[in-house]
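J.: In the numbering used here, the protein residues as written are 90 to 668.
Just so it is clear, CB atoms sit at the ideal spot from N, CA and C, and this is done for glycine as well.
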């Protein structure tokens with residue numbers, strides 16, 4: 090029993106269970122019994138954020154309606170229809186059909202809800218997307234007041250709320266209207282355009298944006314008149330008169346962007362009912378938790394001593410002391426952790442020694458690369474002297490009108506420039522192929538037959554792939570020296586390059602005399618130790634270079650048969666030049 094209880098997991102679990110979980114669960118259970126039914130409603134109360142949603146929704150809707158009304162009132166087809174003569178019935182009918190088509194088209198521009206349009210020309214002739222029952226309504230005092238307000242605001246928007254009966258329809262439905270005058274390009278007054286939306290549809294949109302469902306939501310005009318509410322009997326009343334008798338409600342009002350006001354009335358009894366209970370239980374929870382946290386900190390202080398020791402040992406290992414070891418007389422999880430730490434320190438020591446060995450190996454490889462570079466430098470003469478001498482010879486050939494010699498010397502100069510160029514061990518495919526062309530230009534001078542060079546790339550992007558510098562030259566040299574000896578007719582060298590997954594496949598083939606199996610073995614094993622590296626590299630030396638720079642990721646194969654030519658294929662890692 091003593092051994093079991095000494096385990097760190099049991100100790101910490103028992104402390105948390107006895108001093109934190111059980112007391113907090115008991116207090117929270119009492120709190121939950123008193124507040125379960127009300128807490129869900131009150132946690133969703135965020136009226137201030139809801140008002141932002143209401144304002145954004147109304148702003149989007151009214152802007153959408155305003156833009157639609159503005160597009161309608163500035164439509165050239167509407168200008169033409171309102172300006173057309175209407176003396177005869179046919180003219181009047183054509184005008185009505187044209188305006189009906191225009192307004193029906195613009196009804197689709199408002200996505201939030203369905204709207205109607207009403208167009209009045211200068212003679213108070215009405216054209217609407219709904220059926221007008223009473224055509225004498227335009228002379229009524231209420232309607233005339235709305236139309237005068239629209240005309241007074243000219244091209245600005247006029248917002249008002251009214252009954253559909255005041256707009257000629259046989260209905261008492263309340264609607265919200267946006268009005269604007271219609272003027273043509275010459276600013277001539279052609280009439281008025283009204284966009285009409287059902288108040289109930291607008292209120293449902295606003296109501297859906299509020300988070301507190303039991304609140305009384307009102308939309309008021311800038312004159313303090315209620316223009317939208319759930320209780321339709323409130324529409325038209327004064328906002329101030331209505332809230333004067335609502336002392337039991339919390340009134341929150343926020344101005345909207347078009348000078349309207351969105352007001353929400355929330356019952357104070359519902360809003361503050363659970364506050365007293367919540368405060369008491371929260372204070373009780375806080376006091377108990379603080380006491381228990383203090384007790385737990387004192388108990389855990391003794392538990393954390395081995396952890397601090399282990400941390401110090403880790404710092405020593407971080408500084409390079411792999412001989413640090415953890416010792417403990419107990420059998421809990423910290424002891425197991427210390428054992429794992431000791432094992433880790435031993436593995437790190439082994440890994441460190443192995444890494445040092447690998448670094449030494451890499452250093453040897455770098456030294457080998459430097460040795461190859463040094464051998465190349467040993468075989469070079471002063472580049473400036475050579476280039477100046479070649480340039481002088483080229484100009485002598487040009488002065489003697491010997492263009493083939495001048496071109497060959499130019500190619501030889503560029504060939505030397507690429508060969509002697511230091512600081513980079515790789516060429517792009519494009520650079521390597523240019524080097525081969527320059528090389529053939531030089532050797533062509535002392536070869537009687539013309540050597541054809543056929544280059545085939547699977548795609549143009551392969552031109553930017555990186556390969557080992559001067560990789561193709563030894564193969565081309567072998568083809569010229571061994572494959573084309575004896576003046577074979579129509580000598581040709583083909584270079585084909587393609588991509589196979591993560592590998593770049595470069596194939597160099599000639600149509601020369603080929604080799605027997607014995608000759609192939611001798612050439613493949615040829616060494617260049619007795620020759621200068623700049624004169625002949627050899628296939629075996631090329632294989633060593635591939636192994637040095639690519640390791641096991643690169644390989645080379647040679648196939649040949651008598652009188653069937655020779656094919657050398659390189660399999661290299663696919664690398665794109667990012668310079």
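Here's the rule: buried if 16 or more other CB atoms are within 10 angstroms of the residue's CB, otherwise exposed. What is residue 654?
T.: Buried, by the Cβ-count rule.
J.: Please report the distance separating the alpha-carbon of residue 424 from that of residue 399.
T.: Roughly 10 Å between the two C-alpha positions.
J.: Excluding the 5 residues preceding and the 5 following residue 187 in the sequence, name in chain order all residues of the same chain whose CB lies nearer than 6 Å to its CB.
T.: Taken in chain order, the residues that qualify are 170.
J.: Under 8 Å: do the region 596-614 and the region 645-652 share three or more Cβ pairs, one atom per stretch?
T.: Yes, they touch.
J.: CB-CB under 6 Å to residue 658, same chain, minus the five flanking residues each way: which ones, in chain order?
T.: Excluding residues within five positions, the ones whose Cβ falls inside 6 Å are 596, 646.
J.: Does the Cβ-Cβ distance between residue 251 and residue 226 come in under 8 Å?
T.: Not closer than 8 Å, so no.
J.: In whole angstroms, what is the alpha-carbon distance linking residue 337 and residue 344?
T.: Straight-line Cα distance between these residues: approximately 23 Å.
J.: Would you kindly work out how many angstroms separate the C-alpha atoms of residue 665 and residue 515, rounded to a whole number?
T.: So the two alpha carbons sit approximately 11 Å from each other.
J.: Leaving aside the five residues before and after residue 295 along the sequence, list all residues of the same chain whose C-beta is less than 6 Å from its C-beta, in chain order.
T.: Cβ neighbours of residue 295 beyond the five flanking positions: 143.
J.: Would DSSP call residue 336 helix, strand or coil?
T.: Coil.
J.: Considering Cα atoms alone, identify which of 145, 152, 634, 575 is closest to residue 458.
T.: Among 145, 152, 634, 575, the Cα nearest to that of residue 458 is on 634.
J.: Buried or exposed, going by whether 16 or more other CB atoms sit within 10 Å of the CB of residue 599?
T.: Residue 599 comes out buried.
J.: For residue 588, report the span of its alpha helix (DSSP H) as first-last.
T.: No alpha helix (DSSP H) holds residue 588; the beta strand (DSSP E) holding it covers 581-589.
J.: Looking at C-alpha atoms only, which residue of 533, 448, 520, 440 is the closest neighbour of residue 497?
T.: When each option's Cα is compared against that of residue 497, the closest is 533.
J.: Counting only runs that start and end within the region 175-199, where is the alpha helix (DSSP H) found for 4 or more residues in a row?
T.: Correct list: 178-195.
J.: May I ask whether a heavy atom of the ligand COA can be found less than 7 Å away from the beta carbon of residue 277?
T.: Only the bare structure without any ligand can be found here, which leaves the ligand COA out of the picture.
J.: Between the Cα of residue 240 and the Cα atoms of 257, 267, 217, 513, which residue gives the shortest distance?
T.: Taking only the C-alpha atoms, the option nearest residue 240 is 267.
J.: Determine the direct distance from the alpha carbon of residue 116 to that of residue 384, and round the result to whole angstroms.
T.: Their backbone Cα atoms lie some 18 Å apart in a straight line.
J.: To the nearest angstrom, report how far apart residue 470 and residue 604 are at their CA atoms.
T.: At residue 470, the pLDDT of 44 sits below 50, so the modelled position is not reliable and the matter cannot be decided from this model.
J.: Write down the C-beta distance between residue 258 and residue 219 rounded to the nearest angstrom, noting that I regard them as a contact closer than 8 Å.
T.: Between residue 219 and residue 258 the Cβ distance is about 6 Å, and since that is below 8 Å, they are a contact.
J.: Ordered along the chain, which non-local residues of its own chain (more than five positions away) have a Cβ less than 6 Å from that of residue 642?
T.: Counting only Cβ-Cβ distances below 6 Å, and skipping sequence neighbours, we find 662.
J.: Rounded to a whole number of angstroms, what is the C-alpha to C-alpha distance between residue 185 and residue 331?
T.: If I take the Cα positions, the gap works out to 44 Å.
J.: Out of curiosity, what's the CA-to-CA distance linking residue 433 and residue 644?
T.: Rounded to the nearest angstrom, the two C-alpha atoms are 39 Å apart.
J.: Run through the region 420-454 for me and flag every whole alpha helix (DSSP H) of 4 or more residues, listed as ranges in chain order.
T.: Whole alpha helix (DSSP H) segments, 4+ residues: zero.
J.: Which of the three DSSP states, helix, strand or coil, is assigned to residue 513?
T.: Residue 513: coil per DSSP, three-state reduction.
J.: DSSP puts residue 685 in a beta bridge; with which residues?
T.: Because the chain is modelled from 90 through 668, residue 685 falls outside the range shown and cannot be assessed.
J.: Roughly how many angstroms separate the alpha carbons of residue 238 and residue 349, rounded to a whole number?
T.: Roughly 17 Å separates the two Cα atoms.
J.: Would you list the residues sitting across from residue 662 in a DSSP beta bridge?
T.: Its beta-bridge partners are 592.
J.: Please determine, among 292, 214, 224, the residue with the shortest C-alpha to C-alpha distance to residue 255.
T.: Nearest C-alpha to residue 255: 224.
J.: Give the straight-line distance between the Cα atoms of residue 410 and residue 438, rounded to the nearest whole angstrom.
T.: Cα-Cα distance, rounded: 9 Å.
J.: Would you tell me roughly how many angstroms separate the C-alpha atoms of residue 183 and residue 354, rounded to the nearest one?
T.: If I take the Cα positions, the gap works out to 52 Å.
J.: Of the residues 261, 415, 585, which one's Cα is nearest the Cα of residue 222?
T.: Minimum Cα distance to residue 222 is reached at 261.
J.: Counting only the same chain and skipping the five closest in sequence on each side, list residues whose C-beta sits under 6 Å from that of residue 346.
T.: Excluding sequence neighbours, residue 346 sits near 148.
J.: Given 8 Å as the limit, is there contact between the region 302-310 and the region 276-284, that is, 3 or more CB pairs closer than that?
T.: Flag = no, the region 302-310 and the region 276-284 do not touch.
J.: Just reading off the beta strand (DSSP E) that residue 351 is part of, what are its end residues?
T.: 350-356 is the extent of the beta strand (DSSP E) around residue 351.
J.: Thinking C-alpha only, which one of 417, 198, 563 is nearest residue 397?
T.: Per the Cα distances, 417.
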